[in-house]
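S.K.: So that we are looking at the same thing, I have put the structure below in structure tokens.
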Amino acid sequence: MKIAIVGLGLIGGSLAKAIKSNTEATVIGYDISPTALNKALMLGAVDEPMDENSLKSCDMIFIALYPNDTIDFIKNNANLFKKDAVIIDCCGVKDAVCEPLHDFCYSKKMWFIGGHPMAGREYSGFEYAKTDLFVNASMILTPYTYIPLEIVEKAKLFCLSLGFKQVIITTPKKHDQMIAYTSQLAHVVSNAYVKSPGAQCHHGFSAGS
């Protein structure tokens, strides 16, 4: 099995390390930073750099880029993807990626599945990538309705093999609603609290957490 990782930052780099540690797959990689790519090659997280020929032979492609870059990569390289290859993105928002790509992917009969690994660190970049970043984490997948169940199951089982505790199947809109509630709203509230004048007077009224 050959896997491509596009973007070797914290998430992409951790995916590469997890794949090499938990599977027998060959990993090809690409990053806009030659330093990140060379480091991944040197550490054995990536077997070879990605080019047009190697991309054509990949069975699965993980795209760990920003939303607009993800859309551009898929549209610009669609003709290079192997028939029946599974393409999974790793963006934290799903509708902004999945909705603009729907008609394009459907016309190409492309097995693109929106993905969001619910894991991370306070740092970014390949140097902070960890083999066990996804252990006991959730992976959210938002497949289009036209994608065969066996393709979704293939993606699900592969993610579980990397250490994810569970894989949740939902829609892009439902994903964004839940993330806004569980993550982004909490971030806004905590940020407002820290910046409020009253936060400076909390001594004696708060515990260590």
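Remember, the working numbering sits 7 above the position in the sequence shown when you count from 1. The beta-carbon is built from N, C-alpha and C at its ideal position, and this holds for glycine as well.
Quick one: give me the first and last residue of the alpha helix (DSSP H) that Ala43 is part of.
M.R.: Residue 43 sits at position 36 when you count from the first residue of the sequence shown. Here the alpha helix (DSSP H) through Ala43 covers 41-50.
S.K.: Residue range of the beta strand (DSSP E) that Ala11 falls in?
M.R.: Taking the first residue of the sequence shown as position 1, residue 11 is located at position 4. Segment 9-13, the beta strand (DSSP E) holding Ala11.
S.K.: Excluding the 5 residues flanking Ser145 on each side, which residues of the same chain have their C-beta closer than 7 angstroms to its C-beta?
M.R.: The sequence position of residue 145 within the sequence shown is 138, counting from 1. So the qualifying residues of the chain are Met125, Phe171, Lys172, Gln173, Ile175.
S.K.: Would Ile39 and Pro56 qualify as a contact pair, given that the criterion is a beta-carbon distance under 8 angstroms?
M.R.: Residue mapping note: residue 39 aligns to position 32 of the sequence shown, counting from 1. Residue mapping note: residue 56 aligns to position 49 of the sequence shown, counting from 1. Pro56 sits away from Ile39, with the two beta carbons spaced by 8 angstroms or more.
S.K.: Can you confirm whether Glu106, when its beta carbon is compared against all beta carbons of chain B, has any partner nearer than 8 angstroms?
M.R.: Structure shown: chain B not included; a single protein chain is present.
S.K.: Please name the residue, chosen from Ile18, Leu108, Ala52, Gly19, that lies closest to Ser28 on a Cα-to-Cα basis.
M.R.: By 1-based counting over the sequence shown, the position of residue 28 is 21. The shortest C-alpha separation from Ser28 is found at Ala52.
S.K.: Can you look up Asp54 in the DSSP assignment and give me helix, strand or coil?
M.R.: Within the sequence shown, the letter at position 47 stands for residue 54. It is coil, neither helix nor strand.
S.K.: Where does Ser145 fall in DSSP's three states?
M.R.: Walking along the sequence shown from the start, residue 145 turns up at place 138. Three-state result, Ser145: strand.
S.K.: Can you tell me which of the three DSSP states Pro107 falls into?
M.R.: By one-based count along the sequence shown, residue 107 stands at place 100. Here Pro107 sits in helix by DSSP.
S.K.: Output the distance between the C-alpha atoms of Asn84 and Lys46, rounded to the nearest integer angstrom.
M.R.: Start at 1 with the first residue of the sequence shown, and residue 84 comes out as number 77. Start at 1 with the first residue of the sequence shown, and residue 46 comes out as number 39. The alpha-carbon atoms of Asn84 and Lys46 are separated by roughly 25 angstroms.
S.K.: Does Leu164 pass the burial test, meaning 16 or more other C-beta atoms within 10 Å, or should it be called exposed?
M.R.: Within the sequence shown, numbered from 1, the residue matching residue 164 stands at position 157. It is exposed - the Cβ of Leu164 has fewer than 16 other Cβ atoms within 10 Å.
S.K.: Report the rounded CA-to-CA distance for Ile10 versus Ala32, giving the unit in angstroms.
M.R.: To locate residue 10, count along the sequence shown from 1; it is residue 3. To locate residue 32, count along the sequence shown from 1; it is residue 25. Whole-angstrom Cα-Cα distance: 7 angstroms.
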